[in-house]
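K.L.:
Take any residue in the sequence shown, count from 1 to its spot, add 355: that is its number in the numbering used here. Glycine is no exception: its CB is placed at the ideal position from the N, C-alpha and C atoms. What follows is a single structure, and I will ask about it in a moment.
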Amino acid sequence: MNNGSSTADVFIPLGILLGDTTGHGTVTAFDFGQTRAQSGQPVRAGNFRNDVNTSGSINASDIGSVKAQAGTSLP
């Protein structure tokens, strides 16, 4: 941060949870189901979270990644 006369570090917390396609902070069956339902669809603004491996397409690899993270959550 710089206010013109002094500078200081600013702490900005950021939490990223692989597989949390619904954005609720926990990977659940809802995330798995949502990703499975979008499989084969092109990535768009409304479903980009389901492209977990950021390959540009929603497929079995994304579904597997979400399933592998089931039960994890942000602290």
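Check this for me: beta carbons of V398 and S416, under 8 Å apart or not?
P.N.:
no
K.L.:
On the DSSP letters alone, give me the boundaries of the alpha helix (DSSP H) that V407 sits inside.
P.N.:
Element bounds for V407: n/a, residue is neither H nor E.
K.L.:
Quick check: the stretch 356–371 against the stretch 399–407, are there 3 or more CB pairs under 8 Å?
P.N.:
no
K.L.:
Go through its chain and collect everything with a Cβ distance to N358's Cβ below 8 Å, but skip five positions before and after it.
P.N.:
none
K.L.:
Buried or exposed: D375, going by 16 or more other Cβ atoms within 10 Å of its Cβ?
P.N.:
buried
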